[in-house]
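Undergrad: My structure is below; once you've seen it, I'll send some questions.
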Amino acid sequence: MTPPPGRWSDLDRPPLNARALRTALVRPAALWTGLTVVESTGSTNADLAAAATSGAAAPGTVLVAEEQLSGRGRLDRRWNAPARSGLFVSVLLTPGHDVPAERWGWLPLLAGVAAVTALSPVAEVETALKWPNDLLVTVDGTERKLGGILAERVTLPDGTAAVVLGMGVNVSLRADELPVPTAGSLLLAGARTTDRDPLLRALLRSLADWYGRWTAAGGDASAAGLLPAYAACCATLGRTVRALLPGGAEVRGEAVALDGTGRLVIADADAVQRPVDAADIVHLR
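Below is the structure:
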């Protein structure tokens with residue numbers, strides 16, 4: 001008899017092993033202090049932010065969802081995907097003990113470097129970054145969005161400032177499941193594996209490693225090796241881009257560098273260099 005279809009009937013998308021993940025990642029003196037996997041939620045970032053501000057989540061908490069129904073990206077864009085088709089994870093960090101607040105803008109860039117340096121070798125797929133916080137992959141010769149990163153500041157009950165850092169990565173999305181034609185997935189890029197357990201372990205270990213380097217350097221991205229690592233991963237540098245700024249203004253030119261605060265430096269047609277932040281970047285060529 002054929003079993004009736006159910007939530008876990010897709011054998012290509014098994015559930016995460018929460019116990020094994022905790023055993024591998026939550027250890028004495030490690031960055032991660034707790035890890036929870038929930039079946040479904042609106043947004044891991046929203047849930048973890050609420051838990052943090054109420055005192056229900058300690059620094060180092062990791063929240064993972066098998067399905068995310070109302071995920072948010074930059075500029076309040078929606079990020080939704082079928083159950084167990086991706087990595088939907090948020091972490092709670094308190095860099096203020098070691099890093100001045102003016103350097104916290106590096107956190108989403110740090111997460112991007114952590115994602116590329118973790119996912120590329122495990123999946124055996126070349127990934128890259130689109131400034132400031134999009135993950136890219138190539139599908140059929142075309143650059144596609146693999147995932148995104150969102151950082152939000154929150155205040156803990158004792159007054160400590162913290163950051164909820166969220167990441168969404170498309171792992172096993174099929175062509176007919178893509179939310180937009182410009183999206184991609186590790187599966188469509190020809191990944192060696194779409195097993196989310198080793199992918200998530202690698203991602204969180206890489207994030208802890210880069211976060212440790214960055215905080216040890218007091219948030220100095222150059223001293224931590226983060227600035228050159230981001231530049232090496234960044235598909236935006238050297239490209240002609242259009243930067244759409246808040247308020248509707250735009251800057252066009254060549255993306256030539258990152259400055260010490262993580263802003264993208266664009267040289268216009270007159271070779272005048274302008275650093276931009278909080279911009280929506282379009283790769284023109």
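In full-length UniProt numbering, the protein residues as written are 1 to 285.
Glycine included, each C-beta is placed from N, C-alpha and C at the ideal position.
Which value, in whole angstroms, describes the spacing of the CA atoms of A20 and L63?
TA: 15 Å
Undergrad: Note down, in chain order, each residue of its chain lying with its Cβ closer than 8 Å to the Cβ of A101, except the 5 sequence neighbours on either side.
TA: A161
Undergrad: Drop a sphere of 10 angstroms on the beta-carbon of R144, count the other beta-carbons inside from all chains shown, and report buried for 16 or more, exposed for fewer.
TA: buried
Undergrad: Whole angstroms is fine: what's the gap from E250's alpha carbon to A267's?
TA: 13 Å
Undergrad: Please classify E66: does DSSP put it in a helix, a strand, or coil?
TA: coil
Undergrad: Hey, quick one: how far does the beta strand (DSSP E) through V99 stretch, first residue to last?
TA: Note, V99: premise wrong, no beta strand (DSSP E); not H, not E.
Undergrad: Taking Cβ positions, are Y230 and V113 nearer each other than 8 Å?
TA: With a cutoff of 8 Å on beta-carbon distance, Y230 and V113 are scored as near each other.
Undergrad: Quick one: using the 10 Å Cβ neighbour count with 16 as the cut-off for buried, is A202 buried or exposed?
TA: buried
Undergrad: In whole angstroms, what separates the C-alpha of D12 from that of A191?
TA: 14 Å
Undergrad: So who's on the other strand from E250, going by DSSP bridges?
TA: L244
Undergrad: According to DSSP, simplified to helix, strand and coil, what is L75?
TA: In this prediction, L75 has a pLDDT of 47, which is less than 50 and means its spatial position is unreliable; nothing more can be read from the coordinates.
Undergrad: Can you look up D12 in the DSSP assignment and give me helix, strand or coil?
TA: coil
Undergrad: Would A52 pass as a contact of L188 if the rule is Cβ separation under 8 Å?
TA: no
Undergrad: Whole angstroms is fine: what's the gap from A49's alpha carbon to D270's?
TA: 44 Å
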